[in-house]
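Down below is the structure, laid out as structure tokens.
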Amino acid sequence: MSYEVRLAQFEGPLDLLLHLIRKHEVDIYDIPMASITDQYMEYLHEMETWSLEIASEFLVMAATLLSIKSRMLLPRTRTNDEEEVEDPRAPLVEQLLEYERCKWAAAQLSTMAANRAEVYSRQPMDLHPFRTREVPPLSGVTLWDLVDAFRKLYLRLPPSERVAEIRGHVERVEHVMEEIVERMRRYRMTEFAVLFQGARTRPALVTAFLAVLELIKDGRLACRQTEPFGPLELIWVGD
Amino acid sequence: MHLLSALEAVLFAVGSDGLETRDIASILGVSLGEAESLCLQLRAQLDERAAGIAVQQVADTWQLVTRPEYADYLKRMAQTPMQSTLSTAALEVLAVVAYKQPITRAEIDEIRGVQSDRALATLVHRQLVAEVGRQDAPGRPILYGTTSEFLRQFGLRSLDELPPLPEDLGREGVSLFQLPSDIARD
Amino acid sequence: MHLLSALEAVLFAVGSDGLETRDIASILGVSLGEAESLCLQLRAQLDERAAGIAVQQVADTWQLVTRPEYADYLKRMAQTPMQSTLSTAALEVLAVVAYKQPITRAEIDEIRGVQSDRALATLVHRQLVAEVGRQDAPGRPILYGTTSEFLRQFGLRSLDELPPLPEDLGREGVSLFQLPSDIARD
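Chains as they are written, first to last, in this note's numbering: chain A, 24 to 262; chain B, 2 to 187; chain C, 2 to 187.
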């Protein structure tokens, strides 16, 4: 017996976000980033408590949401006044709208398929009693074509259903936060890159990043960048 | 009127196997007598307007057939110059039947991921594939296999001479569906 | 009238194979225009008397099918081959391919925000989607498009019959399924 455990009923992070936006009757063109981000994170945390594997796409989206949220808190820079400053939410909104159109189209196709299933055809009649002439022999069709047809079919078969996927390790933001706190108490100050040298996988890195953002939000950690694109310094302010 | 059309739809879809009166009664939810009366009504109606199709009763089985007057058109259709090659779909079905026989249409559909009735009809028509029996399962589905015409056309003395499939795939029913994922993906 | 019945007989015999207009023309010995007009007449006639069967035009072929109203009776028949339904993920991928073709897998992933390889493999296996070329870009990624099997299974004559994509689903309060039908096509 195999079991498939999916992240609830959502097809992906965009699906989840759309659900949250619809559920709270929020204007998609003016998404309140703080509350939507909180709800999104809450959902992920809930999944964690159920020990469900969270696909990395969901974590990447979490990072995106947090980044948009933080950019919206920043004062608009005065250096390039002339240029219209783009709403940091714009690319996300565009993505959500595109995905919603995709869902709409999928629903249409589903209805069309259902209508089609209401209609029955008939197996072609065996016409050979009506045939007076001989069927011409096959020409140019060889045994090789037959084997080749089978090989092509074989290549078209979908990968075998892999229904159970159990990961030995689940990254949890709370755990990583504890780890960071412990290390920052010793270091007091360090660079972001140094702190995460150990994180090899993308989910691990994203989780670590989320943990840092959570600690900053809690006011226990501060972050400083002395020059554009320079190293990110983390400073311990907690306790 | 409504039941008459329902009967027409049912007889149309059931194909050349036809249906017994009691099956018709149970599908339409009417008595045996009513089922028979409906069949006779449908026959009269189709006869009256000289439709392309007619109701035929053989023993206790009813089926729809083409009206004999139009046989010439069917001959012409059967005669339409047949291509000397096979379509990709027909070739694929033929390959599946050759290597997996005896096999039902549902099993062919399952392996191919698409309905195969059109391609199968072509192969039967060309006498490369034929009914070789019935599966002992609900509905007693037809089992298909290749014919001696198939062996002749492909220059084989027997089915043992079919070339083995690469990596012996398909020799057992299971191996088809246990593919290494790196091959099966695009 | 006579030709109309002949057409009915021919379409009945050909079943799920269907016939293209030019085949009908050559079998009945009429012009292309007349063949099409006969098909439309037969359709109107069957519609008028709410027959059990109807004429359907899908992907350039004409065929006889049962009328949807009688689906309940047909479901009661034992040997009705049911198409297995597609998962939500597969439907989403199919929708993206249908509307945005030709499209690469990476672009599909981008729109859906998740990986689509498994759903795409299923669609390729079921011949609803196929490789239609390669993108002129690094790695020469495969471009996917829908097939004529897609048109057939979804009852479309051509891709133009796909419902136009609504431009703006985003505004609060606009229900997904209460959109004016004349919204501009994407």
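C-beta atoms are modelled at their ideal positions from N, C-alpha and C, and glycine is treated no differently.
Assuming residue i and residue j are in contact, meaning their beta carbons sit under 8 angstroms apart, how far apart are those beta carbons, in whole angstroms?
i	j	result
Thr147 (chain C)	Val97 (chain C)	Between Val97 (chain C) and Thr147 (chain C) the Cβ distance is about 11 angstroms, and since that is not below 8 angstroms, they are no contact.
Arg141 (chain B)	Ala10 (chain C)	Not really, about 29 angstroms apart at Cβ, beyond 8 angstroms.
Ser133 (chain C)	Ile109 (chain C)	Looking at the sequence provided, one finds Val at residue 133 (chain C) rather than Ser. That pair is no contact at about 14 angstroms.
Leu228 (chain A)	Ile203 (chain A)	The pair is not a contact, with the Cβ atoms about 13 angstroms apart (cut-off 8 angstroms).
Met56 (chain A)	Lys92 (chain A)	4 angstroms
Leu119 (chain A)	Leu37 (chain A)	6 angstroms
Ala7 (chain B)	Tyr71 (chain C)	5 angstroms
Pro164 (chain B)	Leu166 (chain A)	6 angstroms
Arg23 (chain C)	Leu33 (chain C)	6 angstroms
Ala52 (chain C)	Val66 (chain C)	So it is not a contact: roughly 11 angstroms between Cβ atoms.
Ala136 (chain A)	Phe155 (chain C)	6 angstroms
Phe14 (chain C)	Leu75 (chain B)	For the record, residue 14 (chain C) in the displayed sequence is Ala; it is not Phe. At roughly 6 angstroms, the Cβ-Cβ gap stays under 8 angstroms, so Ala14 (chain C) and Leu75 (chain B) are in contact.
Arg119 (chain C)	Pro181 (chain A)	7 angstroms
Arg247 (chain A)	Glu256 (chain A)	5 angstroms
Ala234 (chain A)	Val196 (chain A)	5 angstroms
Ile77 (chain A)	Glu71 (chain A)	7 angstroms
Leu5 (chain B)	Gln42 (chain B)	6 angstroms
Glu34 (chain A)	Thr89 (chain C)	6 angstroms
Arg154 (chain A)	Ala79 (chain B)	4 angstroms
What is the DSSP secondary structure of residue i, reduced to helix, strand or coil?
i	result
Arg135 (chain B)	strand
Thr62 (chain C)	strand
Ser145 (chain A)	According to the sequence shown, residue 145 (chain A) is Arg rather than Ser. Note: Arg145 (chain A) maps to coil in three-state DSSP.
Thr67 (chain B)	strand
Glu21 (chain A)	Residue 21 (chain A) cannot be examined here, being either before or after the span of chain A that is shown, 24 to 262.
Val83 (chain A)	helix
Gln116 (chain B)	coil
Ala51 (chain C)	coil
Glu188 (chain A)	Any reading at Glu188 (chain A) needs caution, since the residue's pLDDT is 49, under 50, leaving its predicted position unreliable; the model's value is listed next. Of the three classes helix, strand and coil, the one that applies to Glu188 (chain A) here is coil, per DSSP.
Val56 (chain C)	strand
Gly34 (chain B)	helix
Trp127 (chain A)	helix
Arg186 (chain C)	Low local confidence applies: a pLDDT of 36 at Arg186 (chain C) is under 50, so the model's placement there is unreliable, and no value is given.
Arg127 (chain B)	coil
Pro152 (chain A)	helix
Leu157 (chain B)	coil
Asp241 (chain A)	coil
Arg226 (chain A)	Before going on, a small fix: residue 226 (chain A) reads as Pro here, not Arg. Pro226 (chain A) falls in the helix class under three-state DSSP.
Ile25 (chain B)	helix
Glu109 (chain A)	coil
Met78 (chain C)	coil
Trp73 (chain A)	coil
Glu9 (chain C)	helix
Asp50 (chain A)	coil
Thr134 (chain A)	helix
Pro114 (chain A)	helix
Thr89 (chain C)	helix
Phe219 (chain A)	coil
Glu168 (chain C)	coil
Glu27 (chain A)	In this prediction, Glu27 (chain A) scores a pLDDT of 38, lower than 50, which makes its location untrustworthy; no coordinate-derived value is stated.
Phe173 (chain A)	helix
Ser162 (chain A)	coil
Arg9 (chain A)	Absent from the model: residue 9 (chain A). The displayed extent of chain A is 24 to 262, so no value can be given.
Phe252 (chain A)	coil
Bridge partners for residue i per DSSP, in chain order?
i	result
Tyr145 (chain C)	C:Ile104 and C:Glu132
Cys264 (chain A)	Here chain A has residues from 24 to 262 only, and residue 264 (chain A) is not among them.
Met212 (chain A)	A:Ile258
Leu204 (chain C)	Because residue 204 (chain C) is not part of the residues shown, which for chain C are 2 to 187, the question remains open.
Please compile the residues from chain D whose C-beta is within a distance smaller than 8 angstroms of the C-beta of residue i.
i	result
Leu8 (chain C)	Of the protein chains in the structure, A, B and C, none is chain D.
Would you call the stretch 164-176 of chain A and the stretch 205-216 of chain A in contact, with 3 or more CB pairs under 8 angstroms?
-> Taking one beta carbon from each stretch, the stretch 164-176 of chain A and the stretch 205-216 of chain A have fewer than 3 pairs nearer than 8 angstroms; the two do not touch.
Contact set between the stretch 141-166 of chain A and chain C, restricted to residues whose Cβ is under 7 angstroms from the partner = Taking 7 angstroms as the Cβ-Cβ cut-off, the stretch 141-166 of chain A approaches chain C at Glu141, Val142, Tyr143, Ser144, Arg145, Gln146, Pro147, Met148 and Leu150, given in chain order.
The stretch 13-21 of chain B touching the stretch 58-65 of chain B, judged by at least three CB pairs closer than 8 angstroms | At 8 angstroms Cβ cutoff, the stretches touch.
Listed from N- to C-terminal order along the chain, which residues in the stretch 15-35 of chain B have their beta-carbon within a distance smaller than 7 angstroms of any beta-carbon of chain A?
-> Taken in chain order, the members of the stretch 15-35 of chain B whose beta-carbon sits within less than 7 angstroms of a beta-carbon on chain A are Gly16 and Ser17.
The stretch 72-84 of chain A / the stretch 110-119 of chain C touching (three or more Cβ pairs under 8 angstroms) = Touching, yes, given that three or more Cβ pairs across the two stretches are closer than 8 angstroms.
Contact set between the stretch 50-74 of chain B and chain C, restricted to residues whose Cβ is under 9 angstroms from the partner | Residues passing the 9 angstroms Cβ filter: Arg50, Ala51, Ala52, Gly53, Ile54, Leu65, Val66, Thr67, Arg68, Glu70, Tyr71, Ala72, Asp73 and Tyr74.
What are the residues of the stretch 92-103 of chain C that lie near chain A, defined by any Cβ-Cβ distance shorter than 8 angstroms?
-> Here the close residues are Leu92, Glu93, Leu95, Ala96, Val97, Ala99 and Tyr100.
Got a sec: which bits of the stretch 113-129 of chain B sit with their beta carbon under 9 angstroms from any beta carbon on chain C, in order along the chain?
-> Listed in sequence order: Arg113, Gly114, Val115, Gln116, Asp118, Arg119, Ala122 and Thr123.
Taking any Cβ of chain C, which residues in the stretch 36-55 of chain A have a Cβ under 8 angstroms from it, in chain order?
-> The stretch 36-55 of chain A vs chain C, Cβ under 8 angstroms: Pro36, Leu37, Asp38, Glu48, Val49, Asp50, Ile51 and Tyr52.
Name, going along the chain, the residues of the stretch 146-164 of chain C whose beta-carbon falls closer than 7 angstroms to a beta-carbon of chain A.
-> Residues passing the 7 angstroms Cβ filter: Gln154, Phe155, Gly156 and Pro164.
Do three or more CB pairs link the stretch 36-50 of chain B to the stretch 125-140 of chain A at distances below 8 angstroms?
-> Flag = no, the stretch 36-50 of chain B and the stretch 125-140 of chain A do not touch.
Short-range partners of chain C found in the stretch 59-89 of chain A, where Cβ spacing is below 8 angstroms = Residues Ala78, Glu80 and Met84.
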